[in-house]
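In what follows, a structure is listed as structure tokens, so that the remarks can point back to it.
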Ligand SMILES: *[C@@H]1O[C@H](CO)[C@@H](O)[C@H](O)[C@H]1NC(C)=O
Ligand SMILES: *[C@@H]1O[C@H](CO)[C@@H](O)[C@H](O)[C@H]1NC(C)=O
Ligand SMILES: *[C@@H]1O[C@H](CO)[C@@H](O)[C@H](O)[C@H]1NC(C)=O
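Residue numbers (our numbering): 3 to 445.
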């Protein structure tokens, strides 16, 4: 539930972004238009997943490092990454590197990939520096899309034996990175494959006593693990404290939580968390929520501390067909779910848990109905009523509603870390900048 945010001035920016995104998404190269010299130009078969990359500019003590993400499907290959200027050296044996937020330096995208001999290849790269947050609305400020660092690079990479710790000795490449305009060497670049996933997160689930904990849909086919695997993310679920005491609010029904109480409980009961070492999110399950029917992130911005997007809460005992304060939602027909405790309408409830977690990654509600987990529950009710789905709510909540759409999948795989990782860009408009430019399809 993000209505308040969507009504904010940021909505305009969001719509602008979505228009930009739709244009980008529709710009798919038709297969008939393949160049005739495809064979010689064909991109090398780079192993999909996360690579640990390093770039050491010549004559500098600095080394930029981070993850380089390679994903491919039948029609295209995308490569993006992030550089951090931390002094910490990621251990390749730890898999996907996670570096301190304060060292975030630049977003990287590959612009070109060409095969050479003996598994060597050439990769065009562009780096766009993150310059900080705008004081108005906390928008992010980046190098302009026409001004990548040094005007862009060309990197000639050859296979080399991987240093100790890399899990795949065959997939380690090293070479000079040259400034595209002058051809002069800017520095040394390395990339070694570290993991089949492109991103890894931990979700800690905590609750008050007696709450069911979300694991999977009724069919058992849709689990946290496979919903996230489909978008190239490795999710680890950690069960936290499950008997968190309920607050007493004299002016609210028993079992109902205020937003600041959710945040305080997370800080008090969550297991040890270091956002500079892991991407950790917290899901709190309670009976009911003040001002919210099903679920909502309780710290989308800087409400309680300087760490946005740490936690979200879901109301297991919201009565379907009511609004949060218990009065009848006369505006909608909730079908056979009407009058039931939300948790007993299992798939709709499980879907809300995944949906609220999806907002952590700055994913928004699609502007109109599409099957997918980021489409909100009310929109499923309306889609059933309007005949956009074969069945009405809640029967129209099936496995297709428990997937990230292709456009969300792209954002999750290839947006810069700072829009996705906790404690960085705040939710909503601040994340909808159309800079830096997105990773573009390579062939
Ligand atoms: C990272 O870069 C920023 C901006 O250039 C600089 O202020 C900071 O000192 C650098 N940090 C390290 C560890 O090199
Ligand atoms: C976020 O923006 C608000 C104004 O819109 C400003 O007052 C605040 O200082 C900014 N905070 C950060 C952390 O950028
Ligand atoms: C709300 O009102 C409608 C129409 O009177 C009724 O059909 C429905 O059962 C009521 N819902 C609840 C949860 O009481």
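Ideal Cβ positions, reconstructed from N, Cα and C, are used throughout, including at glycine.
Using a Cβ-Cβ distance cut-off of 8 Å, the stretch 122-135 and the stretch 102-113 are in contact, since at least three pairs of beta carbons, one from each stretch, lie closer than that value. Judged by beta-carbon spacing, residue 386 lies beyond the 8 Å limit of residue 406, meaning their Cβ atoms are not closer than that value. Non-local C-beta neighbours of residue 48 in its own chain, meaning closer than 6 Å and more than five positions away in sequence, comprise 72, ordered along the chain. Ligand 3 never approaches residue 138 closely enough for any of its heavy atoms to be under 7 Å from the residue's Cβ. Ranked by Cα distance from residue 368, the first of 90, 410 and 316 is 410. Rounded to the nearest angstrom, the Cβ distance from residue 281 to residue 100 is 7 Å, consistent with a contact under 8 Å.
With a cutoff of 7 Å, residue 135 counts as near ligand 2, since its C-beta is closer than that to a heavy atom of the ligand. It is roughly 14 Å from the alpha-carbon of residue 114 to the alpha-carbon of residue 181. The continuous alpha helix (DSSP H) containing residue 228 extends over residues 226-231. In its chain, beyond the 5 residues on either side, 414 and 422 have a beta carbon closer than 7 Å to the beta carbon of residue 363. As summarised for the stretch 144-175, the continuous beta strand (DSSP E) elements at least 3 residues long and confined to that stretch are 155-161, given in chain order.
Residue 51 is a Cβ neighbour of residue 195, given a cutoff of 8 Å. For the stretch 337-389, the full-length alpha helix (DSSP H) segments reaching 4 residues or more read 348-361 and 379-387 along the chain. Sorted by position in the chain, 64, 87, 88, 89, 105 and 107 make up the residues whose C-beta lies under 7 Å from a heavy atom of ligand 1. Just measuring C-alpha positions, the residue of 215, 65 and 179 sitting nearest residue 287 is 215. The Cβ neighbour count for residue 428, taken over all protein chains shown within 10 Å, is at least 16; the residue is labelled buried. Taken from the Cβ of residue 346, every heavy atom of ligand 3 lies 7 Å or farther away.
When DSSP states are grouped into helix, strand and coil, residue 415 belongs to the helix group. Around the beta-carbon of residue 97, 16 or more other beta-carbon atoms lie within 10 Å, marking it buried. DSSP lists no beta-bridge partner residue for residue 436.
For residue 304, the shortest separation between its Cβ and any heavy atom of ligand 2 lies below 7 Å. Judged by pairs of C-beta atoms under 8 Å, the stretch 190-210 touches the stretch 268-285, as three or more such pairs exist. Every alpha helix (DSSP H) of 4 residues or more that sits fully in the stretch 244-327 is shown, in chain order, as 261-271. One Cα belongs to residue 70, the other to residue 443, and the distance between them is close to 15 Å.
Ranked by Cα distance from residue 55, the options 223, 298 and 178 are led by 178. With contact defined as three or more Cβ pairs closer than 8 Å, the stretch 315-332 and the stretch 230-243 are not in contact. If you draw a 10 Å sphere on the C-beta of residue 245, you find fewer than 16 other C-beta atoms in it, and that means exposed.
Selection 349, 311 and 390 evaluated against residue 400 yields 349 as nearest (Cα-Cα).
Remark: the shortest separation between the CB of residue 398 and any heavy atom of ligand 3 does not fall under 7 Å. Apart from the 5 residues on each side of it in sequence, residue 357 sits with its Cβ closer than 6 Å to the Cβ of 375 in its chain, given in chain order.
Residue 386 has its Cβ no nearer than 7 Å to any heavy atom of ligand 3.
Look at residue 70 here: in three-state DSSP terms it is strand. For residue 268, the CB contacts under 7 Å within the same chain, skipping 5 residues up- and downstream, are 284, 286, 312 and 313 in chain order. Residue 119 has its alpha-carbon roughly 18 Å from the corresponding atom of residue 193. Comparing alpha carbon positions, the residue from 276, 298 and 78 closest to residue 103 is 276. Spanning the alpha carbons of residue 224 and residue 438 requires a straight line of approximately 34 Å.
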